[in-house]
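Following: one structure in structure tokens, then a few remarks.
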Amino acid sequence: MNPSAQTDQLIVYRPVTRHIFIVSLASLLLFLMIAYPMVYSVLYVKATLFGVLLLIAIIRVMQLHSIRVSPRIFFWSYFLCLMAAGYFIEGATQNIDYAYREGRVYFLWPMIYALLLVLISTAGDLRFIFKIVIFSSIYIGAYGLLYTLQTVGLIPQLEVINLLALNDVQAVGVHGNYMQVLISGLNSLPFLFPFVVTLIYVSYKSSIWNIGRVWLWLSLGLQLALILVSGRRALWVLIVITPIILYFATIIARQWSRKLIGYCVVVLLVVAGIGVGISTIKWGFRYNNVFTILMNTFKFTGTNDASNLIRAAQFDALIHGWSSAPIFGHGFGTFPSSYIRAPDMPWSYELYYMALLFHIGIVGILIYGVAILWLLRKAIHIARIDSISAWFALPAIMGLIGMLIATATNPYLDRFDGMWTVFILIAVINVFWMYGPSVSTC
């Protein structure tokens with residue numbers, strides 16, 4: 008047997024050896040970030056968990072006398088932090104409070120996430136993280152559907168559902184023949200849906216690392232049902248394009264299977280069809296309404312769609328503001344005075360990439376773009392090794408791509424508890440690059 012291959016097997020099968028205290032803290036933190044992003048009532052709980060885990064990571068670094076993080080990942084993380092610090096200083100000349108509140112997401116939190124990588128050193132650790140992600144996706148789907156059903160009066164009011172809201176603002180709105188759902192967990196679905204679809208695909212190619220396919224299918228079914236009633240156009244688009252992106256991703260990663268891709272498409276169509284059929288019988292749902300809503304997503308003039316008009320106004324204000332500082336932007340915390348989206352956070356806009364262009368200019372956008380492309384390229388290299396490597400890398404790739412697409416119309420990544428979507432892919436790369444001999448040369 009090839010010694011390198013034998014070493015890979017030993018590394019891949021190394022069990023999780025973390026203390027139960029660390030595992031519990033990490034599990035709770037990841038669950039709260041996924042299921043309750045941007046929920047103020049648990050903000051300090053998340054910060055405390057981060058602080059304790061960061062202290063543990065620093066102690067571990069002192070014990071090992073080294074930071075067990077890939078030098079290139081470490082370089083990129085801290086290079087981007089330094090760049091962000093420069094944009095913070097630029098923005099601070101106009102309003103230091105606003106500059107710090109936005110800029111800390113970019114110059115402080117990447118350093119924290121990078122240090123936490125020392126707590127993830129085996130494929131077993133990664134598998135445990137995947138389990139928490141899957142559990143969180145099932146929780147979001149079940150909670151969202153129960154909340155929706157009780158709000159529209161199809162089931163009795165459940166006190167446990169009200170308690171699990173954690174005092175967050177939630178709502179269900181019925182608009183003619185379609186409805187909209189507002190719960191915090193929906194903000195994680197742009198990552199979770201492609202992630203779970205891809206995990207189902209790769210699980211049928213690798214029988215070693217299955218996490219119980221029944222849980223994956225349950226997660227997918229609950230997510231699809233919640234997405235169909237959510238009224239989130241970005242999520243509807245993701246249902247359509249996820250199989251297409253997965254098709255090309257598996258070809259590039261050399262993990263392509265025509266039969267499995269076909270099964271994925273058929274299952275998505277069947278489950279979506281059942282959901283549409285039930286909705287049509289129960290609530291008078293009409294598929295042409297979905298088509299009209301999707302088409303209106305790309306229509307910014309001559310429309311009565313309030314969200315489209317708002318985004319059109321944002322685009323005009325941001326593009327004109329950017330034109331006065333196109334190379335390096337205006338810095339973090341700044342905003343065009345002609346349009347302010349939210350008085351308490353005037354620098355934040357739904358058009359996240361346009362706002363980022365306004366803040367950091369062409370140079371900053373290019374640097375962040377190169378960093379993301381580098382991550383995806385490295386992850387594809389890992390996915391090409393074998394079916395076990397693909398089991399970890401492809402779902403993380405697809406989840407990040409889904410989040411990047413959805414972020415075009417909502418600022419999902421403009422917060423510290425949204426960066427986990429990038430961190431999971433970085434963790435996968437770091438484990439296989441640092442601890443897998445055949446990966447370290449990629």
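In terms of the working numbering, the sequence shown is residues 8 to 449. Yeah, the Cβ is synthetic: ideal placement off N, Cα and C, and Gly gets one too. Computed from a prediction, not measured in an experiment: that's the story for all the values here.
A direct Cα-Cα distance of roughly 44 Å separates L153 from H327.
By the CB criterion at 7 Å, L126 and A54 fall outside the cutoff.
The continuous alpha helix (DSSP H) containing W398 extends over residues 394-413.
Contact holds between the stretch 316-324 and the stretch 351-359, because three or more Cβ pairs, one in each stretch, are under 8 Å apart.
In the DSSP annotation of this structure, the continuous segment of the alpha helix (DSSP H) that includes E166 starts and ends at 166-171.
Residue F365 holds the alpha-carbon nearest to the alpha-carbon of P333 among C88, S195, F365, P343.
Here DSSP, grouped into helix, strand and coil, assigns L161 to coil. Within 10 angstroms of the beta-carbon of M69 lie fewer than 16 other beta-carbons, which makes it exposed. For the set I395, F28, L223, the Cα lying nearest the Cα of V59 is the one of F28.
Counting other Cβ atoms within 10 Å of its Cβ, T100 stays below 16 and is therefore classed as exposed.
Burial state of V204 is buried, judged by a 10 Å Cβ sphere holding 16 or more other Cβ atoms. Secondary structure note for K385: its alpha helix (DSSP H) is the uninterrupted segment 359-390.
Excluding the 5 residues flanking it on each side, I168 has same chain C-beta neighbours closer than 8 Å at Y150, L153, Y154, Q157, in chain order.
Per DSSP, reduced to three states, the secondary structure at A332 is coil, with no helix or strand assignment. Under the rule that a run must span 4 or more residues, the alpha helix (DSSP H) segments found entirely inside the stretch 51-103 read 78-99. DSSP, reduced to helix, strand and coil, places M186 within a strand of the structure shown. The criterion of a C-beta distance shorter than 7 Å is not satisfied by V277 and P250. As the crow flies, the alpha-carbon of F114 is around 37 Å from that of L235.
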